[in-house]
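S.K.: Mind the numbering: the sequence shown is residues 1 to 218 in UniProt numbering, read in order.
Positions of the beta carbon are idealized from the N, C-alpha and C atoms, including for glycine.
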Amino acid sequence: MLRNCVKTLLALNYKTATQRLISSSSVSSSVKIYTKTGDKGKSSTFTGERRFKDDLIFDALGSTDELSSALGFAAELCKEKGHTMDNRLQTIQCVLQDVGSNIATPKSSASETQLKRTGFNDQHVKDLETWIDEYTAELPPLKNFILPSGGKTAASLHMARSICRRAERTVAPLVRHNEMDPSALQYLNRLSDFLFTVARYTCMKEGGEETIYKRPVS
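#1: On the three-pair Cβ rule with 8 Å, is the segment 97-104 touching the segment 54-73?
#2: By Cβ distance below 6 Å, which residues in the same chain neighbour residue 28 in space, the five residues on each side in sequence not counted?
#3: How long is the line joining the alpha carbons of residue 122 and residue 184, rounded to whole angstroms?
#4: How is residue 202 classed by DSSP in three states: helix, strand or coil?
#5: Leaving out five residues on either side along the sequence, give the residues of the same chain with a beta carbon under 7 Å from the beta carbon of residue 47.
#6: So, with DSSP's three-state summary, where would you put residue 211?
#7: Taking just the CA atoms, how far does residue 55 sit from residue 200?
#8: Where does residue 128 sit, in a helix, a strand or coil, going by DSSP?
#9: So if DSSP puts residue 71 in a beta bridge, which residue, or which two residues, is it bridged to?
#10: Ends of the alpha helix (DSSP H) at residue 36?
#11: For the alpha helix (DSSP H) holding residue 154, just list the boundary residues, first then last.
#12: To the nearest angstrom, report how far apart residue 24 and residue 50 are at their CA atoms.
#13: Once DSSP output is grouped into helix, strand and coil, what is the label at residue 147?
#14: How many angstroms separate the CA atom of residue 214 from the CA atom of residue 43?
#15: For residue 26, I'd like the list of residues in its chain whose CB is within less than 6 Å of its CB, leaving aside the five on either flank, ordered along the chain.
#16: Under 8 Å by Cβ, that's how I've got residue 89 and residue 164 pegged, so tell me the actual separation to the nearest angstrom.
#17: Going by other Cβ atoms of all chains shown within 10 Å of its Cβ, with 16 needed for buried, is residue 34 buried or exposed?
#18: Is it buried or exposed, residue 205, if we count other Cβ atoms within 10 angstroms and call 16 or more buried?
#19: Just the C-alpha distance for residue 37 and residue 64, rounded to the nearest angstrom, thanks.
#20: Using C-beta distances below 7 Å, list every residue in its chain close to residue 175, excluding the 5 sequence neighbours before and after it, in chain order.
#21: Mind checking residue 286: buried by the 16 CB within 10 Å criterion, or exposed?
#22: Where does residue 43 fall in DSSP's three states?
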């Protein structure tokens with residue numbers, strides 16, 4: 001986990017962190033959280049490009065960041081209920097930082113060194129598949145469509161799952177345009193399956209009840 005987070009800090013935030021340290025060193029020993037460099041509606045990629053904040057890259061970065069926040073909330077609920085997957089959720093948050101590094105390094109403007117630093121490790125996809133199989137083995141077969149439900153923990157994981165689907169949709173065009181690694185998209189696709197599975201798992205462990213879809217009668 002620590003290795004992933006350090007990798008991301010080097011890749012995604014190196015320039016910003018350096019600028020902050022330089023600008024603040026002459027006036028204070030503390031680093032300011034604001035840089036004012038984005039006040040005109042643009043931000044920087046890891047390759048040094050300045051792009052508008054509604055660019056596909058920053059849309060994808062925002063979605064993965066939102067997903068990480070949702071996972072953080074879900075992890076806290078898991079911890080409160082004594083579930084052991086909170087550590088895995090935190091690991092996933094660090095992997096999402098690596099996804100962000102890959103997003104922020106568009107292949108069209110990146111050097112070989114930058115691409116090597118921010119390349120996505122497809123082993124993360126295999127890890128998710130292993131975890132999915134592990135939890136699925138304990139679950140009853142799914143025979144009906146279910147609604148996001150099953151208690152606060154399960155519902156928070158369903159919320160994260162739906163945010164994950166949106167993040168996947170924002171990453172898809174970047175992969176299609178060969179701007180990032182396809183394995184990062186595969187990771188998000190598998191992650192939504194993982195979140196669906198652990199949502200059902202926490203519901204079962206807490207003795208909750210899944211709400212079955214029923215066609216509304218008009």
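M.R.: So, to answer that:
#1: yes
#2: Here residue 28 scores only 47 on pLDDT, less than 50, and its place in the model should not be relied on; the value that follows carries that caveat. Closer than 6 Å at Cβ, skipping near neighbours: no residue.
#3: 7 Å
#4: helix
#5: 105, 106, 109, 110, 114
#6: strand
#7: 36 Å
#8: helix
#9: Bridge partners of residue 71: none, in fact.
#10: Residue 36 -> no alpha helix (DSSP H), and no H or E assigned at all.
#11: 152-176
#12: Low local confidence applies: a pLDDT of 40 at residue 24 is under 50, so the model's placement there is unreliable, with the coordinate-based value given in what follows. Cα-Cα distance, rounded: 23 Å.
#13: strand
#14: 46 Å
#15: In this prediction, residue 26 has a pLDDT of 43, which is less than 50 and means its spatial position is unreliable; what the coordinates show is noted afterwards. Once the five neighbours on either side are set aside, residue 26 has no close Cβ partner at all.
#16: Not really, about 12 Å apart at Cβ, beyond 8 Å.
#17: exposed
#18: buried
#19: 22 Å
#20: 182, 185
#21: Residue 286 lies beyond the stretch modelled for the chain, which goes from 1 to 218, so this question has no answer here.
#22: strand
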